[in-house]
Every structure is written in structure tokens, then in C-alpha cells.
Amino acid sequence: MVEAIVNGLSGLIAGMVNLQWANLVMIAVGGLLLYLGIKKDFEPLLLVPIGFGAILVNIPLANLMEPDGFLRIIYDAGVMTELFPLLIFVGIGAMTDFGPVLENPYTFLLGAAGQFGIFLTLLLALALGFKALDAVTIGIIGACDGPTVIYVASQYAPHLLGPVSVAAYSYMSLVPLLQPPIMRALTTEKERQVVMKTTKKTVSKTTRILFPIVITIVGGLIAPMGLPLLASIMLGNLMKESGVVPRLTNTASNELANIVTLLLGISIGATMSGPVFVQTTTLIILALGFLAICLDTACGVLFGKALCALTKGKVNPLIGAAGISAFPMSARVVQKEGFRYNRKNYLLMHAMGANAGGQVGSVMAAAVMLSVLKGMGII
Amino acid sequence: MDKWTFGMTMLIVGMGGTLLTLILLSLIMGALKRVFPVKDGEE
């Protein structure tokens with residue numbers, strides 16, 4: 100009888116006995132993510148399920164990420180198959196208005212400049228001793244685009260999925276804090292005050308409908324390895340712009356996006372098991388991710404400066420910072436910064452163009468990278 | 002292939018490819034706007 104009671108009690112304390120310090124650290128990290136999401140409103144849709152998933156997976160003996168564990172089932176079904184990031188992209192496409200980039204197609208170039216950080220960070224990661232595919236995955240944090248990061252990581256470096264996803268989403272939510280100092284450091288006050296002409300609507304419905312189709316075909320022909328990414332975002336956008344499937348558009352941008360966001364978030368959190376996550380490598384990846392986004396911003400602003408010089412001061416270089424894919428946050432940051440230095444300055448629509456260009460640019464960068472890797476026989 | 006060859010290839014071909022693709026897309030979009038201009042009364 101006594102023995103049975105002791106055995107029963109040992110079952111109750113087994114979880115605490117098996118708790119490692121790394122689990123405690125990650126439970127604290129999960130708590131921090133929840134705090135940032137709930138209290139600071141930083142990407143709450145993602146940080147809340149990620150934070151909660153991180154706490155869950157660090158409770159010993161619950162075996163949630165073991166075969167048949169409920170988190171493992173979700174992870175295998177949606178992350179390892181790349182299904183979740185692609186479904187999220189359908190929702191993003193259905194929510195995104197590419198009108199501003201179509202009004203000023205040159206803003207595609209700012210979207211390209213905003214991807215330089217990816218490739219520079221890749222070089223840095225190689226210099227720090229990471230393997231080729233790991234370095235590619237770390238560099239892609241600079242895409243500032245969660246689903247793209249997850250898509251690449253789940254295929255080519257699943258062991259890095261946790262840190263790179265957390266880095267991508269955390270830094271994306273910190274864009275309003277990260278970008279302004281870089282923008283100020285690289286521009287003069289006079290440049291920040293440049294007023295850009297307001298554009299009027301010049302995009303026909305036909306062009307808007309053809310945009311996703313053309314991007315899919317041209318992009319797919321150039322970089323077929325990234326076609327799933329391109330096609331899913333463009334399918335969502337085609338549904339939106341065609342206007343003939345409002346039910347599908349609403350489902351993609353609401354119910355589907357919400358359900359997949361929940362499942363994706365908790366799956367990412369589930370990769371943050373203490374013993375695996377608490378390593379020097381993770382810290383290096385987080386640092387490189389930070390650097391990638393800073394470099395993207397810097398390259399975007401520098402490209403904006405070049406455009407400013409080429410157009411004899413008609414382009415405000417600040418809009419270059421919106422060339423990263425953090426949509427629409429970085430466009431808002433640009434508007435705020437421009438307005439701060441000139442109360443007559445309304446850069447939002449131009450910045451939205453660069454930002455939408457960045458959205459396409461980040462997907463294209465990933466697609467091109469994958470196709471180059473395939474061409475080199477690495478994947 | 003050593004890692005520097007790999008890295009520089011990715012930088013040149015990867016970034017160059019991204020830039021060229023986006024330039025191409027911007028040109029195509031510019032052309033589409035001209036071929037299909039906004040019609041009178043279209044919002």
C-alpha cells in the first residue's frame with residue numbers, strides 16, 4: 100500500500116525531476132514571447148501560439164513532439180510537408196493590394212535592393228562555419244518573410260527551423276524599432292524631407308488580374324524551384340483581383356489564414372525544445388538574422404539614395420527601407436519617418452509600392468536561390 | 002566546391018538573378034499598363 104502511494108507520488112513529481120535548466124530557459128523564452136505578443140502587441144497572432152508551443156514542448160514527459168504526440172502530428176502534417184507556409188501565402192495574396200507597386204513598377208527595384216541582406220548574411224554565415232544549406236536558410240531570414248523562411252528551412256535545414264522562424268517573426272515585429280535608426284544614419288535631413296508627387300490611380304482591372312498570372316508564369320519559368328511560393332501568393336491575389344470568387348477570397352484571407360497561423364505558430368513553438376534550442380548556434384543565428392534585416396534596410400535606403408540622385412531629388416530615399424517584405428509595417432515606418440521631418444510629406448503610397456515590391460522580391464529571391472542551388476546540384 | 006566559390010556564386014547569380022527578374026517584371030508590368038490602360042469610368 101505504502102509502496103503504491105510512493106509510486107503514485109513519484110509519477111506526480113516525475114515532470115519536475117526531469118526538468119532541465121535548458122527547459123526552464125525555454126519556458127522563460129516562451130513567457131517572453133507571450134509577453135511581447137500580449138502586452139506589447141508585437142505580432143500577437145504568431146507570438147502567442149509560438150510562445151505557448153515553446154512552453155508546452157519544454158514540459159518534460161508530456162512527449163508532445165514524440166511520434167504520435169499531438170504537436171508532432173501537426174508539425175509533420177503541415178510544416179514538414181511545406182503545406183502551412185504555402186496556405187498562409189494564399190491568404191497573404193488574398194489580403195495584399197499590389198496596386199501601389201503596379202502604379203509605380205520601378206518600386207520593384209526597391210524590392211530587389213531590400214533582399215541584398217539575404218546574400219550578404221549567407222556569406223557571413225559561411226564565414227562563421229555554417230554548412231551551405233544552413234547558411235542559405237540563415238540568410239533567408241533577411242527575406243523578412245515568415246512563410247518563406249519556414250518553407251526553405253523545412254525543406255533544407257529542418258534542424259534550424261525553430262531559431263530561424265523565431266528570428267524572422269520576432270525581427271519582423273521589431274521593424275518599427277530596428278529601421279528608423281538605420282534610415283536616419285544613412286540619409287541627410289534634406290533627403291528625408293523630399294516630398295514625392297502623389298500618384299493617381301492608373302492601373303486598370305485587366306492589369307491587376309494579369310499581374311498574378313504573369314508573375315507566376317515568368318517567375319516560374321525563371322525560378323521553377325520556387326514556384327510553389329510564387330504560385331500560392333499569386334493564386335490568393337488572383338482570387339482577390341478577379342472579384343468573382345469573394346467567398347474563396349474571404350476564406351483564404353480569414354478562416355484559412357487564421358487556422359493555419361494557429362497551427363503554424365504552435366508547430367514552430369514546438370521546435371523550441373530546451374536541450375535542442377539552447378545552444379551557442381541559436382544565438383549566432385539570432386544575431387545573423389538581426390544583421391540580415393539591418394543589411395536589407397541599409398541596402399534599400401542606399402538604393403533609394405541612388406534613385407534620389409538619378410531623379411535629381413524626386414525620390415525620397417526613405418522609401419527604400421520599405422523594400423523589405425515586412426508588409427505593411429515598414430511602409431508605415433517610412434511614412435512616419437518622412438512625416439516626422441516634413442509635415443507635408445505623405446510617403447505612404449510610394450512606400451507601400453516598395454513594400455509590395457519587397458513582398459514579391461523576397462519570394463523571388465528565395466525562388467531564385469533554390470533554383471541556383473538546384474542548378475549547382477546542391478539540392 | 003569550396004564554400005567561398007559557393008558563397009560568391011550565390012551572391013552574384015542569386016542577387017543578380019533576383020534583380021534581373023524584378024527588372025523584367027517591372028518592365029512587363031509597365032507594358033501591361035500601357036496595353037491595358039484605365040478605361041473611362043473605371044475605378
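Protein sequences appear in the order of chains A and B. Counting along the first sequence from 1, when you hit position 276 you're at 375 in this note's numbering, and nothing is skipped either side. Counting along the second sequence from 1, when you hit position 17 you're at 18 in this note's numbering, and nothing is skipped either side. We put the beta carbon where it would ideally sit given N, CA and C, even for glycine.
query                                                                                                                                  : result
DSSP three-state assignment for Ala322/A, whether helix, strand or coil                                                                : coil
DSSP three-state assignment for Leu417/A, whether helix, strand or coil                                                                : helix
Test item: CB-CB of Leu145/A and Val156/A under 8 angstroms                                                                            : no
Alpha carbon of Met338/A to alpha carbon of Gly319/A, nearest angstrom                                                                 : 19 angstroms
Minimum Cβ-Cβ distance from Pro204/A to chain B less than 8 angstroms                                                                  : yes
Alpha carbon of Gln378/A to alpha carbon of Val459/A, nearest angstrom                                                                 : 34 angstroms
Within-8 angstroms CB hit, Phe389/A to chain B                                                                                         : no
Contact under 8 angstroms by Cβ, Leu222/A with Gly8/B                                                                                  : yes
Assigned exposure category for Thr348/A - 16 Cβ within 10 Å defines buried                                                             : buried
Proximal residues, the segment 294-313 of chain A versus chain B, C-beta separation under 8 angstroms                                  : Lys300, Thr301, Val302, Ser303, Lys304, Thr305, Thr306, Leu309, Phe310, Val313
Residue from Val294/A, Thr410/A, Leu362/A, Pro416/A whose Cα sits closest to the Cα of Ala84/A                                         : Any property of residue 84/A remains undetermined from this structure, which presents chain A solely from 100 to 478.
Cβ-Cβ distance between Phe229/A and Ile365/A below 8 angstroms                                                                         : no
Residues of the segment 191-218 of chain A with Cβ closer than 7 angstroms to any Cβ of chain B, in chain order                        : Leu201, Pro204, Tyr205, Phe207, Leu208, Gly210, Ala211, Gln214, Phe215, Phe218
Where Gly412/A falls: helix, strand or coil (DSSP)                                                                                     : coil
Selection of the segment 14-29 of chain B by Cβ proximity to chain A, strictly under 8 angstroms                                       : Val14, Gly15, Met16, Gly18, Thr19, Leu20, Thr22, Leu23, Ile24, Leu25, Leu26, Ser27, Leu28, Ile29
Short CB-CB distance (under 8 angstroms) between Ala266/A and chain B                                                                  : no
Chain-order list of residues whose beta-carbon lies under 6 angstroms from that of Gly114/A (same chain, five-residue window excluded) : Pro159, Leu160
4 or more residues per run - each alpha helix (DSSP H) lying fully within the segment 333-370 of chain A                               : 345-350, 356-369
Cβ pair count under 8 angstroms reaching 3, the segment 170-188 of chain A against the segment 419-428 of chain A                      : no
Pair within 8 angstroms by beta-carbon distance, Leu447/A and Ala430/A                                                                 : yes
Cβ contact check for the segment 325-337 of chain A and the segment 135-143 of chain A: 3 or more pairs under 8 angstroms              : no
Under the three-state DSSP convention, the category Arg442/A falls into                                                                : coil
Closer than 7 angstroms at the beta carbon, the chain A residues around Gly31/B                                                        : Pro204
8 angstroms Cβ cutoff, Leu225/A in contact with chain B                                                                                : yes
Ser27/B versus Leu21/B: straight-line alpha-carbon distance, rounded                                                                   : 10 angstroms
Alpha-carbon spacing of Thr206/A relative to Phe37/B, whole angstroms                                                                  : 20 angstroms
Per-residue contacts from Ile149/A into chain B (C-beta, under 8 angstroms)                                                            : Within 8 angstroms Cβ-Cβ: nothing; Ile149/A doesn't reach chain B, min ~29 angstroms.
Reduced DSSP category for Thr6/B - H, G, I as helix; E, B as strand; rest coil                                                         : helix
Inter-residue Cα distance where the pair is Leu363/A and Thr180/A                                                                      : 12 angstroms
Burial state of Asn117/A, where buried means 16 or more other Cβ atoms lie within 10 Å                                                 : exposed
Cβ neighbour criterion (16 or more within 10 Å) applied to Ala351/A                                                                    : buried
Where Asn106/A sits in the DSSP three-state scheme                                                                                     : helix
Under the three-state DSSP convention, the category Val39/B falls into                                                                 : coil
Amino acids of chain B, ordered along the chain, whose beta-carbon sits closer than 9 angstroms to that of Val471/A                    : Thr10, Met11, Val14, Gly15, Gly18
Nearest-angstrom beta carbon gap, Ala267/A and Ile237/A [assumed within contact, 8 angstroms]                                          : Wrong, their Cβ atoms sit about 10 angstroms apart, outside the cutoff.
Residues of the segment 315-337 of chain A whose Cβ lies closer than 9 angstroms to any Cβ of chain B, in chain order                  : Val317, Gly318, Ile321, Ala322
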